[in-house]
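A.B. asks: Quick note: the sequence shown uses numbering that gives the first Met the number 0, first residue 0, plus one each step. Don't be surprised by glycine CBs; every beta carbon is placed ideally from N, CA and C. As the structure is a computational prediction, the values presented were derived from the model and not from experiment.
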Amino acid sequence: MIPPVEANGLRQLLPQSPSRGCQSRSLASRLLRCSQQQPTAGPPGRSRRQSSANASYLSKRSYSSSLSEAYAPPLPSSHDVLGSLFSAVQTQNPKQILDEIGALRNNEHPNDVVRSIATLSTTAFSELVQSMDPIRIGEQVDAAHGLQMPSGLKQFSYVASVDDQNGIRKAYKSIFATVRSLLDLRLQQGRNLTLSDYLVLLRCAAATSDVESVKKIWKEAMKRKTDENFAESKEGRAYTEFLKARFLTEPLYMQHDLARFRARPRDLFGYRKIFEDGKVTKPLESIRLSIFANQNSSYGRSPSQETHDIHRIISSPRPVKRIWEHMLNNGISLNTEMVSAYMIACGRASSFRRMIEPLWQIWRIRITNLDDHRAAEIIGGIDPQRLDPLLMPTPDLLDAVVQAFGASGHVLLAKKLLLFFSERFQVPINPATWSSLLEWTYIASSKPASTEWKAFGDANRAIEEGDVISVWDAMNAELSSETISMRNRDVYVKTLISAENLDAAWKEIRRGRAQYEFACEEVETALFERMFPSPPPEAIGNYLRAKAKQHTAWYTMQLWCKLWLHKGSKSHRQADMFASVIVSDFVAEFKDFMPNPITYQTSGGTVRITDPSAFQRNQWTQNVVRSAPTTTRVRDFSQPKFTTVKINGEGQEGSEVKITSGVEGLADDENMAKVFLTTPSGEQLYDKSTIVLRRWTKRFVRKRTEATFGQPEKKLFKAGDEPLEPSEEVGRRTERRELNKGNVIKSIIW
0 MIPPVEANGL RQLLPQSPSR GCQSRSLASR LLRCSQQQPT AGPPGRSRRQ SSANASYLSK
60 RSYSSSLSEA YAPPLPSSHD VLGSLFSAVQ TQNPKQILDE IGALRNNEHP NDVVRSIATL
120 STTAFSELVQ SMDPIRIGEQ VDAAHGLQMP SGLKQFSYVA SVDDQNGIRK AYKSIFATVR
180 SLLDLRLQQG RNLTLSDYLV LLRCAAATSD VESVKKIWKE AMKRKTDENF AESKEGRAYT
240 EFLKARFLTE PLYMQHDLAR FRARPRDLFG YRKIFEDGKV TKPLESIRLS IFANQNSSYG
300 RSPSQETHDI HRIISSPRPV KRIWEHMLNN GISLNTEMVS AYMIACGRAS SFRRMIEPLW
360 QIWRIRITNL DDHRAAEIIG GIDPQRLDPL LMPTPDLLDA VVQAFGASGH VLLAKKLLLF
420 FSERFQVPIN PATWSSLLEW TYIASSKPAS TEWKAFGDAN RAIEEGDVIS VWDAMNAELS
480 SETISMRNRD VYVKTLISAE NLDAAWKEIR RGRAQYEFAC EEVETALFER MFPSPPPEAI
540 GNYLRAKAKQ HTAWYTMQLW CKLWLHKGSK SHRQADMFAS VIVSDFVAEF KDFMPNPITY
600 QTSGGTVRIT DPSAFQRNQW TQNVVRSAPT TTRVRDFSQP KFTTVKINGE GQEGSEVKIT
660 SGVEGLADDE NMAKVFLTTP SGEQLYDKST IVLRRWTKRF VRKRTEATFG QPEKKLFKAG
720 DEPLEPSEEV GRRTERRELN KGNVIKSIIW
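1. Tell me whether the beta-carbon of V674 lies closer than 8 Å to the beta-carbon of V644.
2. Looking at the unbroken alpha helix (DSSP H) that takes in D489, where does it start and where does it end?
3. Are three or more beta carbon pairs between the stretch 199–215 and the stretch 129–144 nearer than 8 Å?
4. For A513, which of Q549, I496, L358 has the nearest alpha-carbon?
5. From G151, L146, F424, pick the residue whose C-alpha is nearest to that of K702; which is it?
6. Just list the alpha helix (DSSP H) runs in the stretch 85–158, keeping only unbroken ones of 4 residues or longer that don't cross its boundaries, in chain order.
7. So, does the CB of I496 fall closer than 8 Å to a CB anywhere in chain B?
8. Does the Cβ of D576 have 16 or more other Cβ atoms within 10 Å, making it buried, or fewer, making it exposed?
9. Got a sec? Which residues, its chain only, sit under 6 Å from P2 by beta carbon, not counting five neighbours each side?
10. Less than 8 Å separating the beta-carbons of L194 and I216?
11. Please report the distance separating the alpha-carbon of K446 from that of A518.
12. May I have the straight-line CA-CA distance separating V213 from V467, to the nearest angstrom?
13. Can you give the beta carbon distance from A627 to E305, rounded, assuming they're within the 8 Å contact cut?
14. Note down the Cα distance separating V522 from A552, rounded to an integer number of angstroms.
15. CA-CA distance, P679 and L267?
16. What are the boundary residues of the alpha helix (DSSP H) that includes R510?
17. Here's the rule: buried if 16 or more other CB atoms are within 10 angstroms of the residue's CB, otherwise exposed. What is N106?
18. Here's the rule: buried if 16 or more other CB atoms are within 10 angstroms of the residue's CB, otherwise exposed. What is R317?
19. With distances taken from CA atoms, which of Q600, A443, D472 is nearest Q573?
20. Counting pairs of Cβ atoms below 8 Å between the stretch 347–364 and the stretch 281–298, do you hit three or more?
21. If you follow the alpha helix (DSSP H) that D584 is in, where does it begin and where does it stop?
22. Suppose contacts are defined by Cβ-Cβ distances below 8 Å. Is N165 in contact with V624 by that definition?
23. Are K493 and L562 touching if we call contact CB-CB under 8 Å?
24. Who does I608 pair with in a DSSP beta bridge?
25. In whole angstroms, what is the alpha-carbon distance linking C560 and G567?
26. For the ligand MN, is there a heavy atom less than 7 Å away from the beta-carbon of F260?
27. Applying the criterion that 16 or more other CB atoms from any shown protein chain within 10 Å of the CB defines a buried residue, is Q557 buried or exposed?
28. Just how far apart, CA to CA, sit S125 and Y341?
29. Whose C-alpha, out of V606, G603, P596, G604, is nearest the C-alpha of Q618?
30. Rounded to whole angstroms, how far is the Cβ of L437 from the Cβ of V400, which I believe are closer than 8 Å?
31. Would you mind stating whether R185 and I116 have Cβ atoms separated by less than 8 Å?
32. W695: buried (16+ other C-beta within 10 angstroms of its C-beta) or exposed?
33. Helix or strand or just coil, what does DSSP make of M337?
34. DSSP beta-bridge partners for T183?
35. Have a look at N368 and L412 and give me their C-alpha separation to the nearest angstrom.
36. What are the start and end residues of the alpha helix (DSSP H) that includes D276?
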């Protein structure tokens with residue numbers, strides 16, 4: 000008797016039953032296939048053919064194809080392909096996430112990878128993208144997170160290799176490329192992106208200081224604004240993130256280097272009459288071209304335009320005005336974070352009027368004297384109970400005020416506004432805000448900045464060393480000595496040396512040495528933790544961060560000693576007591592940080608002391624140095640300035656003469672005459688054209704002896720000459736390995 004299941008299957012074949020006279024062998028074959036077919040979710044006609052190995056009467060070709068189908072490996076699911084990747088996402092290990100994504104690029108089945116990423120749910124894909132947000136993972140993937148990498152550090156330490164030639168972190172460039180490729184792959188497969196996906200990509204582009212990419216990403220996001228994934232309630236957050244990314248307002252976006260973003264008088268808009276005067280333009284251009292001629296790298300240049308500095312790219316006030324007016328016209332509700340980003344963006348463009356507008360419109364704060372900032376007072380202030388809770392001042396707003404007024408050079412007003420906000424609205428001042436105010440004041444008092452503003456004729460932005468010391472005293476009164484960082488002390492020591500207060504600078508250098516020794520202790524602790532047979536995952540990152548902090552502290556100490564000797568020997572050259580006693584004591588105390596050779600001036604000439612036993616961190620090599628290109632405007636002798644004169648009624652009384660601003664083609668008219676323009680002295684005037692300047696010089700430069708940061712430390716053990724990757728070293732179990740004592744000592748002492 001036929002089972003019920005097989006009977007039902009046979010009934011399905013009744014409409015397609017073979018005609019009479021069909022061979023029994025064919026009929027048996029069809030019945031056999033019918034009894035062995037399995038129900039599927041798809042249409043019956045598209046079900047897979049199943050064959051039995053016992054059917055010996057099947058043809059050889061059908062039998063082999065049936066076997067291949069039966070034993071074919073199943074298609075891998077997204078869980079199988081991306082399983083290890085999402086395990087890393089669950090553990091929130093960014094380095095492992097990036098390693099897993101890199102492994103997917105070399106996968107043997109790229110089509111399976113593409114299919115798996117395309118079939119991910121929106122929530123899962125957004126979680127994957129969010130796990131690579133540079134704001135969240137910056138401290139874990141960047142060994143020099145929070146540290147400013149001076150351009151001169153690359154001559155001594157391999158820590159500077161974390162930056163590229165423009166001074167931008169390589170880690171964030173890699174993350175940006177990874178996130179962009181994932182989002183492009185998702186779009187190519189016909190899947191939509193959420194607003195949070197675009198915002199992460201926006202922050203990745205801003206972390207590389209790539210303003211052009213930020214603008215392209217924002218335009219693409221706004222094209223998909225009508226999708227269901229873009230809620231109207233999130234538009235305010237989106238515009239805030241765009242303001243931060245477009246004008247690089249966050250410390251991460253600035254590469255923790257404020258000096259790159261100070262406003263230059265040459266970049267100001269709306270001062271055409273002033274710049275037409277050669278007495279103002281010539282010294283400003285001379286300073287700019289002198290800096291260009293002495294540069295040996297493209298440090299601080301825009302990654303998208305090599306001929307422009309990064310501050311030049313974001314110095315135009317028109318984009319700020321256009322974005323802000325668009326937000327107001329579309330009814331975007333304002334909050335403190337949005338206003339803070341807007342004020343910093345105005346500070347980048349040095350738009351003073353737009354910076355002070357929110358102070359009065361929102362908080363009713365007024366500056367009494369805008370012509371003399373030293374005599375100005377801050378008055379007013381709205382009652383906090385009448386203020387919108389979304390616009391209540393916060394510590395981040397105080398930091399934004401310092402960043403905005405500091406970038407534009409109005410540091411005197413920045414200090415007064417900071418203290419007024421803190422007292423009027425009872426807002427605490429963060430140590431980072433004090434640090435920013437101190438650094439902006441020092442930048443404004445530096446020789447290039449003060450010289451430029453004096454040539455421009457703005458006395459309010461010509462800052463002196465006394466203003467920096469005043470901010471330092473106010474900061475010390477509010478903060479404890481433990482919160483004073485090496486970066487803050489660097490500003491103070493340089494200011495004291497510039498003011499020729501060498502005794503006070505000597506004392507501060509001693510305190511800086513104590514901070515350097517503490518950094519060395521952190522390196523020893525981190526190295527001891529890393530040398531465990533099976534170290535914890537964060538041990539490697541902690542060691543690299545401690546090492547970066549140690550190297551930057553050493554470079555700061557050496558720079559102090561070099562400046563102290565140069566300034567002291569120059570100002571006390573005629574004092575024999577200074578050269579014979581004071582300099583000797585200073586060199587003996589800070590011998591480990593002295594440049595080799597030690598150079599200073601005496602009344603008899605220049606003294607150079609070389610220590611052959613000192614560790615050679617660099618060597619002098621003769622290379623062809625290529626400066627970063629720049630543009631300038633010069634007279635084009637092929638285009639003389641002229642105007643056209645139109646003569647009506649030639650040779651008649653009362654003939655009319657009109658002077659029009661024509662072009663050269665108009666002079667072909669018989670009634671038009673070309674008149675060349677000259678100076679009062681009779682010199683011909685010419686139009687100007689833009690040219691690109693490139694400079695190559697052959698000279699001796701320092702070249703560091705170490706290679707890439709983090710590579711020598713991978714050979715701490717003698718087991719295996721090949722360097723171990725961090726993932727391999729972390730996952731290795733307890734095993735008898737002999738330490739490479741030479742590399743361990745080099746890793747501790749530098």
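C.D. replies: Based on what the coordinates show:
1. Result yes, Cβ atoms of V674 and V644 sit closer than 8 Å.
2. In the DSSP assignment, D489 falls within the unbroken alpha helix (DSSP H) covering 485–497.
3. In this structure the stretch 199–215 touches the stretch 129–144; the number of beta carbon pairs closer than 8 Å is three or more.
4. Nearest option by C-alpha distance: Q549.
5. Per the Cα distances, G151.
6. Correct list: 93–104, 109–117, 121–129, 133–140.
7. No chain B is present in this structure, which holds just one protein chain.
8. What sits at residue 576 in the sequence shown is Met, not Asp. Around the beta-carbon of M576, fewer than 16 other beta-carbon atoms lie within 10 Å, marking it exposed.
9. Below a pLDDT of 50, predicted positions are generally treated as unreliable, and P2, at 49, falls in that range; no measurement from the model is reported.
10. No Cβ-Cβ contact shorter than 8 Å links L194 with I216.
11. When rounded, the distance between both Cα atoms is 31 Å.
12. Spanning the two alpha carbons is a distance of roughly 35 Å.
13. With a Cβ gap of about 7 Å, A627 and E305 count as contacting.
14. Going by the C-alpha atoms only, they are around 12 Å apart.
15. The alpha-carbon separation between P679 and L267 amounts to approximately 30 Å.
16. R510 -> alpha helix (DSSP H) spans 501–529.
17. Result: exposed.
18. Exposed is the call here.
19. Ranked by Cα distance from Q573, the options Q600, A443, D472 are led by Q600.
20. Output reads no: the stretch 281–298 does not touch the stretch 347–364.
21. Going by DSSP, D584 is part of the alpha helix (DSSP H) stretching over 582–588.
22. Cβ atoms of N165 and V624: not closer than 8 Å.
23. Yes, the Cβ-Cβ distance between K493 and L562 is below 8 Å.
24. For I608, which the question treats as bridged, DSSP gives the partners I597.
25. Taking the straight line from one Cα to the other gives about 10 Å.
26. This structure does not include the ligand MN; it has no bound ligands of any sort.
27. Of the residues assessed, Q557 falls on the buried side of the cut-off, its CB having 16 or more other CB atoms within 10 angstroms.
28. The alpha-carbon of S125 is positioned some 28 Å away from that of Y341.
29. Answer by Cα proximity: P596.
30. Actually they are not in contact, since the Cβ atoms of L437 and V400 sit about 15 Å apart, beyond 8 Å.
31. For R185 and I116, yes; Cβs fall inside 8 Å.
32. W695 counts as exposed, since fewer than 16 other beta carbons sit within 10 angstroms of its beta carbon.
33. Helix at M337.
34. Position check: residue 183 holds Asp in this sequence, whereas Thr was assumed. D183 is not bridged to any residue.
35. Answer to the nearest angstrom: the Cα atoms are 10 Å apart.
36. Note, D276: premise wrong, no alpha helix (DSSP H); not H, not E.
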